[in-house]
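Colleague: Below is a structure I'd like to ask you about.
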Amino acid sequence: MNLDGYLERISFNDTEAFNELYNLINTNVYSFALSILKNHDDALDVTQETFISIYHNAYRYQNQGKPMAWILTITKNLAYMKIRSNKKEVDITNIEFKTTDNYDKILINYLLENLNDLERQIIVLHSLNGFKFHEIAGILDLKLTTTLSKYHRAIKKLKELMKEEK
Amino acid sequence: MKNIENKINKAFHNIDLPEFDNKKLNEKKGIVYMEKKKRNMVPFLVTACTLVFCLLIGFGVYNNNFKVASRIGIDVNPSIELKINKKNKVIDVIANNEDGNKILSDMDLNGSDMNVAINALIGSMVKNGYIDELANSILISVEGNSLEENEKLRQEIVNQLNANLANNNFSIVSQTVSNESELENIANQYNISLGKAKLIQDIIANNNLLTYEELANLSINELNLISSNNENIKVEGSASDKAYIGYDKAKEIALNHAGVTDVTNYQVEMDYDEVIVYEIEFRADNAKYEYEINATTGDIMEYDIDNHKNVNDSNNNSSNNNTGNNTNNNSTISRDRAKEIALSHAGITGNVSNYKIELDDNSYEIEFRYNNKEYDYDISLSGEILKYSIDNDYDDDDYNETHASISRDKAKEIALNHAGVSDVSNFKIELDDNKYEIEFKVGYQEYEYEINATTGKIISYEIDD
Numbered sequence: 001m002n003l004d005g006y007l008e009r010i011s012f013n014d015t016e017a018f019n020e021l022y023n024l025i026n027t028n029v030y031s032f033a034l035s036i037l038k039n040h041d042d043a044l045d046v047t048q049e050t051f052i053s054i055y056h057n058a059y060r061y062q063n064q065g066k067p068m069a070w071i072l073t074i075t076k077n078l079a080y081m082k083i084r085s086n087k088k089e090v091d092i093t094n095i096e097f098k099t100t101d102n103y104d105k106i107l108i109n110y111l112l113e114n115l116n117d118l119e120r121q122i123i124v125l126h127s128l129n130g131f132k133f134h135e136i137a138g139i140l141d142l143k144l145t146t147t148l149s150k151y152h153r154a155i156k157k158l159k160e161l162m163k164e165e166k
Numbered sequence: 167m168k169n170i171e172n173k174i175n176k177a178f179h180n181i182d183l184p185e186f187d188n189k190k191l192n193e194k195k196g197i198v199y200m201e202k203k204k205r206n207m208v209p210f211l212v213t214a215c216t217l218v219f220c221l222l223i224g225f226g227v228y229n230n231n232f233k234v235a236s237r238i239g240i241d242v243n244p245s246i247e248l249k250i251n252k253k254n255k256v257i258d259v260i261a262n263n264e265d266g267n268k269i270l271s272d273m274d275l276n277g278s279d280m281n282v283a284i285n286a287l288i289g290s291m292v293k294n295g296y297i298d299e300l301a302n303s304i305l306i307s308v309e310g311n312s313l314e315e316n317e318k319l320r321q322e323i324v325n326q327l328n329a330n331l332a333n334n335n336f337s338i339v340s341q342t343v344s345n346e347s348e349l350e351n352i353a354n355q356y357n358i359s360l361g362k363a364k365l366i367q368d369i370i371a372n373n374n375l376l377t378y379e380e381l382a383n384l385s386i387n388e389l390n391l392i393s394s395n396n397e398n399i400k401v402e403g404s405a406s407d408k409a410y411i412g413y414d415k416a417k418e419i420a421l422n423h424a425g426v427t428d429v430t431n432y433q434v435e436m437d438y439d440e441v442i443v444y445e446i447e448f449r450a451d452n453a454k455y456e457y458e459i460n461a462t463t464g465d466i467m468e469y470d471i472d473n474h475k476n477v478n479d480s481n482n483n484s485s486n487n488n489t490g491n492n493t494n495n496n497s498t499i500s501r502d503r504a505k506e507i508a509l510s511h512a513g514i515t516g517n518v519s520n521y522k523i524e525l526d527d528n529s530y531e532i533e534f535r536y537n538n539k540e541y542d543y544d545i546s547l548s549g550e551i552l553k554y555s556i557d558n559d560y561d562d563d564d565y566n567e568t569h570a571s572i573s574r575d576k577a578k579e580i581a582l583n584h585a586g587v588s589d590v591s592n593f594k595i596e597l598d599d600n601k602y603e604i605e606f607k608v609g610y611q612e613y614e615y616e617i618n619a620t621t622g623k624i625i626s627y628e629i630d631d
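Listed in order, the protein sequences are those of chains A and B.
Sequential numbering from 1 applies to the first sequence in my numbering.
Sequential numbering from 167 applies to the second sequence in my numbering.
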């Protein structure tokens, strides 16, 4: 079932569909929230708030063909509110990984420490959601060209960092 | 590239996220914040309860004359709030902004009837030029404890206004507002009234690409114009678009530009994209046209022509990222050929700047600039132009980049010379607002420079151990 189908069912308060949707895309929502907030606990809060908002507002989603963009725009708005209400330090120490390998942690740390905010958000939107660049530009309110140049800059930075890692 | 992105994707999917607790769904929105506050609130609650109790004893004999039953917000640009009691008499008036203060300056409305007060306020706004034929929208927001009462009051006010202003051609947007903490936060953040925050919230719910930041600065008339298709918003009369070129003129501009006369599926609406725009869509000769036209100047800001009959949207799928490597069978054109096709379609023979090409989802995405315009093409692997757009109005940091008169290398040289070093690590350079921001390390020492991108002058520098 595609995301439109889930939202349709959720608009009738179908909690089963809601839980399936949560399990399907919670990583997408969380990663975008983390890329804005740089703080694990805040990102978890915003993830939860996003899903609560999806549940209550699914009926407002009128099959515009861009469900993921709709969802992540909610995440963005909620995350920005959070930033304003409490500015916190970068903190990802309490992220728990399913694997014991340290590599994932290092990579996410690079993302948060070495990329600037927009670079990080673009990279996360592109690598987790497979959005096209013009869609990313739409979500982040950027020009397509800005999105592309920031993307290329970010990839270059990451490549260099990962080289050092090896 | 894909390699790093796959690793990022995997890393995030390896993060252990909690299950969703469905109990949260039945609680009121915003409860997430309240949970944390609860503990601290207890002492306050105790004091507050005692206080309320004393008040009840003390003023129990008092009748309801001084108790606020509802609040009525009036927004044009002046923003004013009336507090009224059960008998619809005004007990307090507050101006929410500068313009509101001006309107209230010589008025004493306390004790008067609600409808009389609203009429007087609107009269004064007309007299002071806040409402005229170019901007005729008034927002009425009713807030109180009972939804039913709010709605009754809203209807009564709108009926009264309609009767009193029948000949004036006003547009009255009206709504009931429940006092949610979420909404109040927004109102405080952007320094707007609760009513305006609610209206913006409704607009964003319908078009979630807009943001509170952008819309908070718009006038009620502008908000009214761009929300004309929103069913959740109740409007009497239509918002004045006399400050703009008008729907007919906008259509004429788009059709002329497209060189077509016979169109189907024509749609137009007013929207906001840094300025108020007309968004026009139509079909002609199997192609789909989209135009964005500046509503004030009539300039074409962007257009998009899609020759593909059935563009399928590829984003109903979330964590899947296997683009690019799909087997592309039979005829596949080269990157150079794709560039040729785009340039010849654009009618450009000279050199273009900022040229970029990328293979994405089985088509080439090409982008370049020429003559102060920005071109985007989407060309299929068989060489067909799927989509293109031309943006006549771009400005961003890349634009600055082409206008920066000293290069990144030159800026680096200036910084290193000044620092008197040659072998550096972690070198970073970024162009921002016509200045290069440079960072590097020598051993454990960190250097930061800001260099003017036009003159090469060092604006500031900092050395940290």
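For every residue, glycine included, the Cβ atom is placed at its ideal position computed from N, Cα and C.
No experiment lies behind these values; they were computed from the predicted model shown.
1. Can residue 445(B) and residue 429(B) be called in contact, C-beta distance under 8 Å?
2. For residue 313(B), tell me which candidate among 419(B), 345(B) and 183(B) has the shortest Cα-Cα distance.
3. The alpha helix (DSSP H) with residue 320(B) in it runs from where to where?
4. Buried or exposed: residue 67(A), going by 16 or more other Cβ atoms within 10 Å of its Cβ?
5. Under the DSSP definition of a beta bridge, which residues are partnered with residue 433(B)?
6. Near residue 545(B), what residues of its chain come up, given a Cβ to Cβ distance below 7 Å and the 5 sequence neighbours on each side ignored?
7. What would DSSP say about residue 499(B), mapped onto helix, strand or coil?
8. Any contact of the region 276-291 of chain B with the region 321-333 of chain B, i.e. 3+ C-beta pairs under 8 Å?
9. Could you list the residues in the region 120-148 of chain A with a C-beta less than 9 Å from some C-beta on chain B, going in chain order?
10. Pull up the distance between the alpha-carbon of residue 194(B) and that of residue 349(B), whole angstroms please.
11. Does residue 57(A) come within less than 8 Å of chain B when only Cβ atoms are used?
12. Taking the beta strand (DSSP E) that residue 520(B) belongs to, which residues open and close that run?
13. Determine, using beta carbons only, whether residue 254(B) comes closer than 8 Å to chain D.
14. Tell me, please, whether the CB atom of residue 360(B) is closer than 8 Å to any CB atom in chain A?
15. Quick one: residues in its chain with C-beta nearer than 8 Å to the C-beta of residue 619(B), no 5 flanking neighbours on either side, listed in chain order?
16. Are three or more beta carbon pairs between the region 145-161 of chain A and the region 105-117 of chain A nearer than 8 Å?
17. Checking the sheet assignment: what are the DSSP bridge partners for residue 615(B)?
18. Report the residue from 473(B), 454(B), 452(B) and 419(B) whose alpha carbon sits nearest the alpha carbon of residue 460(B).
19. So, at 6 Å on beta carbons, what are the nonlocal neighbours of residue 612(B) in its own chain, with the 5 sequence-adjacent residues on each side left out?
20. Please determine if the region 533-542 of chain B and the region 136-148 of chain A are in contact, where contact requires at least 3 C-beta pairs separated by less than 8 Å.
21. Can you tell me whether residue 127(A) is buried or exposed? The criterion is at least 16 other CB atoms within 10 Å of its CB, across all chains shown.
22. Do residue 49(A) and residue 182(B) count as a contact pair if the criterion is CB distance below 8 Å?
23. What does DSSP give as the partner residue(s) for residue 457(B) in the beta ladder?
24. Whole angstroms are fine: how far does the CA of residue 191(B) sit from the CA of residue 558(B)?
25. Quick one: list the residues of chain B neighbouring residue 26(A), beta-carbon separation under 8 Å, in chain order.
26. DSSP three-state label for residue 187(B), please.
27. Fully enclosed by the region 340-420 of chain B, which beta strand (DSSP E) runs are 3 residues long or longer?
28. Does DSSP classify residue 257(B) as helix, strand or coil?
29. Relative to the C-alpha of residue 177(B), which residue among 45(A), 90(A) and 100(A) is closest?
30. Quick one: which unbroken beta strand (DSSP E) runs of 3-plus residues sit fully inside the region 111-154 of chain A? Chain order, please.
31. With distances taken from CA atoms, which of 266(B), 519(B) and 606(B) is nearest residue 587(B)?
32. Determine which residues of the region 83-108 of chain A have a Cβ less than 7 Å from any Cβ of chain B, and write them out in chain order.
33. Hey, does residue 11(A) have any beta-carbon neighbour from chain B nearer than 8 Å?
34. For residue 279(B), which residues in the same chain have their Cβ closer than 7 Å to its Cβ, ignoring the five residues on either side in sequence?
35. What whole-angstrom Cβ distance do residue 236(B) and residue 359(B) have, given they're in contact under 8 Å?
36. Nearest chain B C-beta to residue 36(A) closer than 8 Å, yes or no?
Modeller: Taking the coordinates as given:
1. no
2. 345(B)
3. 313-330
4. buried
5. 447(B)
6. 504, 507, 508, 529, 530, 532, 551 and 552
7. coil
8. yes
9. 123, 124, 126, 127, 128, 129, 130, 131, 132, 133, 134, 135, 138, 139, 141, 142, 143, 144, 145, 146 and 148
10. Per-residue confidence for residue 194(B) stands at a pLDDT of 41, beneath the threshold of 50, marking its modelled position as unreliable; the derived number appears in the next sentence. Cα-Cα distance, rounded: 13 Å.
11. yes
12. 519-526
13. Judged by its chain identifiers, the structure shown contains no chain D, and its protein chains are A and B.
14. no
15. 566, 570, 571, 572, 577, 597, 600, 601 and 602
16. yes
17. 604(B) and 627(B)
18. 419(B)
19. 630
20. yes
21. buried
22. no
23. 446(B) and 469(B)
24. 46 Å
25. 183 and 186
26. coil
27. 400-402
28. strand
29. 100(A)
30. none
31. 606(B)
32. 84, 95, 96, 97, 98, 99, 104, 107 and 108
33. no
34. 254 and 255
35. That belief does not hold up - the Cβ atoms of residue 236(B) and residue 359(B) are roughly 15 Å apart, past 8 Å.
36. no
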